[in-house]
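Below you'll find the structure, written out as structure tokens, and then a few comments.
There are 2 protein chains.
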Amino acid sequence: PSSSSSREIQFRSPDTPFKSHYRDDIETMMFDLQDKICDTISEIDGGSFHEDQWQRPNDGGGGRSRVLQHGNVIEKGGVNVSVIHGTLPASAVKQMKARGKDIFGEDLPFYVTGVSLVIHPRNPHAPTVHANFRFFEVLCKDPKTGDEKLVWWFGGGTDLTPHYLYDEDARHFHSVLKNACDKFGEQGMYGAYKKWCDEYFWISHRNEARGVGGIFFDDLEDLPSYSQEKNESNEEAKQRQKRCLDFVKGVGDSFLSAYIPILSRRKNMPYNFDQQRWQKLRHGRYVEFNLVHDRGTKFGLATPGSRIESILMSLPLTASWEYCHEPDRGSEEERLLQVLKNPKDWVETDH
Amino acid sequence: PSSSSSREIQFRSPDTPFKSHYRDDIETMMFDLQDKICDTISEIDGGSFHEDQWQRPNDGGGGRSRVLQHGNVIEKGGVNVSVIHGTLPASAVKQMKARGKDIFGEDLPFYVTGVSLVIHPRNPHAPTVHANFRFFEVLCKDPKTGDEKLVWWFGGGTDLTPHYLYDEDARHFHSVLKNACDKFGEQGMYGAYKKWCDEYFWISHRNEARGVGGIFFDDLEDLPSYSQEKNESNEEAKQRQKRCLDFVKGVGDSFLSAYIPILSRRKNMPYNFDQQRWQKLRHGRYVEFNLVHDRGTKFGLATPGSRIESILMSLPLTASWEYCHEPDRGSEEERLLQVLKNPKDWVETDH
Chain A
1 PSSSSSREIQ FRSPDTPFKS HYRDDIETMM FDLQDKICDT ISEIDGGSFH
51 EDQWQRPNDG GGGRSRVLQH GNVIEKGGVN VSVIHGTLPA SAVKQMKARG
101 KDIFGEDLPF YVTGVSLVIH PRNPHAPTVH ANFRFFEVLC KDPKTGDEKL
151 VWWFGGGTDL TPHYLYDEDA RHFHSVLKNA CDKFGEQGMY GAYKKWCDEY
201 FWISHRNEAR GVGGIFFDDL EDLPSYSQEK NESNEEAKQR QKRCLDFVKG
251 VGDSFLSAYI PILSRRKNMP YNFDQQRWQK LRHGRYVEFN LVHDRGTKFG
301 LATPGSRIES ILMSLPLTAS WEYCHEPDRG SEEERLLQVL KNPKDWVETD
351 H
Chain B
352 PSSSSSREIQ FRSPDTPFKS HYRDDIETMM FDLQDKICDT ISEIDGGSFH
402 EDQWQRPNDG GGGRSRVLQH GNVIEKGGVN VSVIHGTLPA SAVKQMKARG
452 KDIFGEDLPF YVTGVSLVIH PRNPHAPTVH ANFRFFEVLC KDPKTGDEKL
502 VWWFGGGTDL TPHYLYDEDA RHFHSVLKNA CDKFGEQGMY GAYKKWCDEY
552 FWISHRNEAR GVGGIFFDDL EDLPSYSQEK NESNEEAKQR QKRCLDFVKG
602 VGDSFLSAYI PILSRRKNMP YNFDQQRWQK LRHGRYVEFN LVHDRGTKFG
652 LATPGSRIES ILMSLPLTAS WEYCHEPDRG SEEERLLQVL KNPKDWVETD
702 H
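This is the structure:
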């Protein structure tokens, strides 16, 4: 499909005084995934993504944002790749340490690349989907010895937010993700990451989940069945990064198989005004989660020089808040709420 | 006008082991102000407010919430009184200390009452308005001497958020507030509180103000031309509270004169789809401020047992986010944005 988007990446990948083994491959993976996802969504919609390439002020990297708005199938969808480097804000260091990250020193140089997407379809029967895959590098410096150490990790995941609950959709989404995890021969990754997802996308002030979940992981420095050596060789460190990269690539590549069949079977279902109204109320909850709780959004909004439009691209075109709205007893809307309040397992897990 | 609202307050004002001189009068003032404002808005709209009286779980007070939704003039409006007591969350104590509040000890018993309102009219030419008046009491205990000290203060203000800028409206709103401040014979209160308002309602991630401001004050323990004695007598403390109460009452009573003439002259202006679309985009910014920056909202969402529907009553019925929306050059929409990015003085100040 014709599109205003471009394969050319106009900003140069940054020169930093540090660089882990597979950084170039990881960066390429992010842009490739963006291409593949945008091509597929664009084909289904019939409309094309609008592309913006942007740079951070003071040369701290940039990004390639693509948005499809007012489409035939997609009300608003954004797929964004960014490649950012600079010095970590103190608040970010504090937060990373608080969740157990082994980083030390002050004014830490960092590099991060990631792809992030949110697709809000028009049809209330078609669920919103979110995915994000990211890779961090932080150069730490021991204040006593002066030794430098490059710490890196992956994070990511994808989750589904239906406005009307179709059990078969939730089961399909989760089983594709489970297969993607299981391919790496690892025990319990899907189960652990499914649980993490339910915990992360929890709207605590509403006491309900954002959607029916998926998987979420962070601080991934190796696959769980390998144990990191205290003094690993350069070659071991390289292999370790390759294992993680393959896993993240595997999950990333499974995204379209997880989501597209659902979008295809829901996009042309008939719907009425009341169902659209309910969709907008659920969009309101999506906004609440993203602005009040989402770590990535908060990190972005607090980082000087970040591109606000790319961060808030995740918000729906229209959201609504009605005072004390409650769905009718026995309705489909009420059934969704009950599941959101009590997240369930959609496929059997190993543990 | 007939209304489902009630003069009866079903929950009892709390018995606490502490109580400052005019607490009962202050509480009454909050409920009276709610009555007066709801009556006036209801008369203009032709519709009536829906009332909910609610209690906090575990007997920590309650409130009287009133909402007018889908009205003739008002798209969504909420006026809420709450009377809350309990033990201050540690995060709240920390925040109060950070802004210089002289409180000490742990697990501090507190009492707070306040009236809070947001009115979102249907017509894009009619501005949204917000007002809040609140009164805090905290019983501190010196960890060394064991001496108890009752610390109290008032806070409040009101601010205007137009979607289309009418200079005469902004001037009217500010001049009524200035007169209300000036009545107390105090130099510079309006000027200081106007500045505070511009600073408080600042959407830092957008680098723009929420609206054209008004006044905002907090930690008010006396009028500025009085100097508090180190060892004030009981009678002096009482007079000091009376002076503050009179000031807050004066400002509260001026609210209707500040807002209603503006609502009256804008509510029936013709408007088109594009203007309504712009209104919804500005509603999006309102949501961003309230969920990301507003101290009161964040305090509420983080307080266990708080009533979410009363806190988020402030959100508009419908809000919209379009990627990279920019108003046309030379348009009214652009003129508004320019003023929001560079807050201006609407009436002459003394200093």
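Protein chains in written order, with my numbering: chain A, 1 to 351; chain B, 352 to 702.
Don't be surprised by glycine CBs; every beta carbon is placed ideally from N, CA and C.
- Residue-level contact by beta carbon holds for Val643/B and chain A, with a gap shorter than 7 Å.
- Here the region 302 to 314 of chain A does not lie against the region 176 to 184 of chain A, with fewer than 3 beta-carbon pairs under 8 Å apart.
- Restricting attention to alpha helix (DSSP H) runs no shorter than 4 residues, the region 118 to 195 of chain A encloses them at 167 to 182, ordered along the chain.
- Looking from the CA of Asp35/A, the closest CA among Arg66/A, His174/A, Arg285/A, Val347/A belongs to Arg66/A.
- Contiguous beta strand (DSSP E) elements confined to the region 591 to 675 of chain B occur at 669 to 671, taking only those with 3 or more residues.
- Listed as beta-bridge partners of Lys427/B by DSSP are Gln420/B, His471/B.
- Against chain B, the beta carbon of Met29/A has no neighbour under 9 Å; the closest one sits roughly 25 Å away.
- In the structure shown, Glu586/B adopts helical secondary structure according to DSSP, grouped into three states.
- Ile37/A carries a helical assignment under DSSP once its states are collapsed to helix, strand and coil.
- Thr318/A has a beta carbon lying within less than 7 Å of a beta carbon in chain B.
- Close to chain A, meaning a Cβ-Cβ distance shorter than 9 Å, are the following residues of the region 419 to 435 of chain B: Gln420, His421, Lys427, Gly429.
- Excluding the 5 residues flanking it on each side, Ser257/A has same chain C-beta neighbours closer than 7 Å at Val176, in chain order.
- Interface flag for Ile37/A against chain B is unset, since no Cβ pair is found closer than 7 Å.
- In this structure, His21/A keeps its C-beta atom at 7 Å or more from the C-beta atom of Lys298/A.
- Taking CB atoms only, His130/A has no neighbour in chain B less than 7 Å away.
- For the region 605 to 638 of chain B, the set of residues with a beta-carbon nearer than 8 Å to any beta-carbon of chain A comprises Lys631, Gly635, Val638, in chain order.
- In the three-state reduction of the DSSP assignment, Ser91/A falls in the helix class, which pools H, G and I.
- Beta-bridge analysis with DSSP links Leu220/A to Phe154/A.
- The Cβ atoms of Pro89/A and Ala209/A lie no closer than 7 Å to each other.
- At a cut-off of 7 Å, the C-beta of Glu208/A has no neighbouring C-beta in chain B.
- The residues Thr438, in chain order, have a CB closer than 6 Å to that of Asp458/B in the same chain once the five nearest residues on each side in sequence are set aside.
- Setting aside the 5 residues that flank it on each side, Thr700/B is surrounded in the same chain by Gly542, each with a C-beta closer than 6 Å to its C-beta; the list follows chain order.
- Taking a Cβ-Cβ threshold of 7 Å, the residues of chain A close to Ile659/B are His205, Arg206, in chain order.
- Taking a C-beta cut-off of 8 Å against chain B, the contacting residues of the region 320 to 338 of chain A are Ser320, Trp321, Glu322, Tyr323, Cys324, listed in chain order.
- Take the alpha-carbon of Glu75/A and the one of Pro478/B: they are about 28 Å apart.
- A direct Cα-to-Cα measurement between Trp405/B and Met380/B gives close to 19 Å.
- In terms of Cβ geometry, Leu165/A and Leu336/A form a close pair [threshold 7 Å].
- For Leu596/B, same chain residues with a beta-carbon under 8 Å away, outside a window of 5 residues either side, are Tyr373, Asp376, Ile377, Met380, Phe505 in chain order.
- Secondary structure note for Glu51/A: its beta strand (DSSP E) is the uninterrupted segment 50 to 55.
- Contact annotation: Phe524/B and Cys548/B have beta-carbon atoms that are not nearer than 7 Å.
- The three-state secondary structure of Arg335/A, taken from DSSP, is helix.
- Using a 10 angstroms sphere on the CB of Gly635/B, the tally of other CB atoms reaches 16 or more, which defines it as buried.
- A contact is defined here as three or more CB-CB pairs under 8 Å, and the region 109 to 127 of chain A meets this definition with respect to the region 258 to 268 of chain A.
- Under the Cβ criterion of 7 Å, Met189/A is not counted among the residues facing chain B.
- Leu117/A is outside the set of residues whose beta carbon lies under 7 Å from a beta carbon in chain B.
- Between Tyr462/B and Thr367/B, the C-beta gap is smaller than 7 Å, which places the two residues in contact.
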